[in-house]
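Visitor:
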Amino acid sequence: MLGHNAQHILTMPLIPGTDGVRKMSKSLNNYIGITEHPENIFGKTMSIPDNLIPLWLECLTDTPIKEIYEIKMALKEESSNPIDIKKNLADKIVRDFHGLEASKSARQNFEKTVQSGEIPLNIPEYNLQNLQENSYVSRLLVEAQMVSSVSEAKRLLKQNAVKKISISKGSNDSISSTDNIVDGPVNSSGLIQGMILRVGRRKFLRIS
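Going left to right, the sequence shown walks through residues 0 to 207 as numbering that gives the first Met the number 0 numbers them.
#1: When the Cα atoms are used, what is the spatial distance from Thr60 to Ser26?
#2: Taking the alpha-carbon positions, what's the Gly189 to Gln128 distance?
#3: Evaluate Glu38 with the Cβ neighbour count: other Cβ atoms within 10 Å of its Cβ, from every protein chain shown; 16 or more gives buried, anything less gives exposed.
#4: Determine the burial state of Thr112: buried for a count of at least 16 other Cβ atoms within 10 Å of its Cβ, exposed for fewer.
#5: Would you kindly work out how many angstroms separate the C-alpha atoms of Gly116 and Asp95, rounded to a whole number?
#6: Taking Arg201 as part of the alpha helix (DSSP H), name the residues at either end of that continuous run.
#7: Judging by CA-CA distance, which residue of Thr34, Gln131, Tyr68, Ile84 is the nearest neighbour of Pro48?
#8: Who are Lys22's beta bridge partners in DSSP?
#9: For the ligand FAD, I want to know if Ile70 counts as a neighbour, meaning its beta carbon is within less than 7 Å of at least one of the ligand's heavy atoms.
#10: Please give the ranges of any alpha helix (DSSP H) in the segment 73–138, keeping only runs that are unbroken, at least 4 residues long and fully inside the region.
#11: How about Lys22 and Leu13: are their beta carbons less than 8 Å apart?
#12: Please report how far the alpha carbon of Val181 lies from the alpha carbon of Leu196, in whole angstroms.
#13: Out of His7, Val136, Asn50, point me to the one whose CA is closest to Gly16's CA.
#14: Please work out which residues of its chain come closer than 8 Å, Cβ to Cβ, to Ala73, disregarding the five sequence neighbours upstream and downstream, and give them in chain order.
#15: Out of Lys162, Asn87, Pro63, Glu66, state which residue places its alpha-carbon closest to the alpha-carbon of Thr177.
#16: Pairs of beta-carbons, one from the segment 196–207 and one from the segment 145–162, closer than 8 Å: are there three or more?
#17: CB-CB under 7 Å to Val149, same chain, minus the five flanking residues each way: which ones, in chain order?
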């Protein structure tokens, strides 16, 4: 620009968010935060449309361009399973921000809970006595750190994404049935000690 010092400009492609359409944005709730729990990062990455895999590999990892091209062709020709490729992408992203052990653990948790429908070994607990009187289920989910805000909790509840689960006992405990939980006062919601909730596809909470 006339009268100004020379400047260098670096341009980067806009990365579509997890919805595969709009640019990644916290306000659009289609983002992945780098400080999020590794299991959340892995799970959110697995939710992206298959056509985003090559672009995310190019922009968010150090995968060689030649390898990305081969992956792109494999997806186009349907010669590789997109789920396996996507798990490798999620591995890379988690490893870059949280380390190798975290990526291994996140992958194992995803395969166990989402793909195999099993219950994780270590389920976080929340004691209902810690909740203020007349609190709603949406507030419980925030206090138990299942979600970051009441608005997010209400959205999940409205989408029937918060469920009470029944467990089928065996060599690996698995989910046998689910019932939707709706928002409302906790004391009239039917939540009791020992009950397990599934929040979204990847989070579990035991009521104590």
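Here a beta-carbon is modelled for each residue, glycine too, at the ideal position from N, C-alpha and C.
Guide: This is what the structure gives:
#1: Position 61 of the sequence shown holds residue 60. Position 27 of the sequence shown holds residue 26. Distance between the alpha carbons of Thr60 and Ser26: 24 Å.
#2: The sequence position of residue 189 within the sequence shown is 190, counting from 1. The sequence position of residue 128 within the sequence shown is 129, counting from 1. Their backbone Cα atoms lie some 15 Å apart in a straight line.
#3: The residue you call residue 38 lines up with position 39 of the sequence shown. Per the 10 Å Cβ criterion, buried.
#4: Position 113 of the sequence shown, counted from the start, is the residue given in the question as residue 112. The residue in question, Thr112, is buried, as its Cβ has 16 or more Cβ neighbours within 10 Å.
#5: Counted from its first residue, the sequence shown places residue 116 at position 117. Counted from its first residue, the sequence shown places residue 95 at position 96. When rounded, the distance between both Cα atoms is 27 Å.
#6: Here residue 201 corresponds to residue number 202 of the sequence shown, with the count starting at 1. Segment: none, Arg201 is in no alpha helix (DSSP H) and carries neither H nor E.
#7: Here the question's residue 48 lines up with position 49 in the sequence shown. The option with the nearest alpha carbon to Pro48 is Ile84.
#8: Taking the first residue of the sequence shown as position 1, residue 22 is located at position 23. For Lys22, which the question treats as bridged, DSSP gives the partners Pro15.
#9: For the ligand FAD, the structure offers nothing, since it holds no ligand at all.
#10: 81–97, 99–109
#11: Looking up residue 22 in the sequence shown gives position 23. Looking up residue 13 in the sequence shown gives position 14. It is a contact, given that the beta carbons lie within the stated cut-off.
#12: Position 182 of the sequence shown, counted from the first residue, corresponds to residue 181. Position 197 of the sequence shown, counted from the first residue, corresponds to residue 196. Val181 and Leu196: Cα-Cα distance of roughly 12 Å.
#13: Sequence index remark: in the sequence shown, residue 16 carries index 17 (1-based). Looking at the Cα atoms, Asn50 is the closest of the given residues.
#14: Taking the sequence shown and counting its residues from 1, one reaches residue 73 at position 74. Cβ within range, chain order: Ser79, Ile84.
#15: Translated into the one-based positions of the sequence shown, residue 177 becomes position 178. Nearest C-alpha to Thr177: Lys162.
#16: yes
#17: Start at 1 with the first residue of the sequence shown, and residue 149 comes out as number 150. Within the same chain, Val149 has close Cβ partners Ser137, Arg138, Val141.
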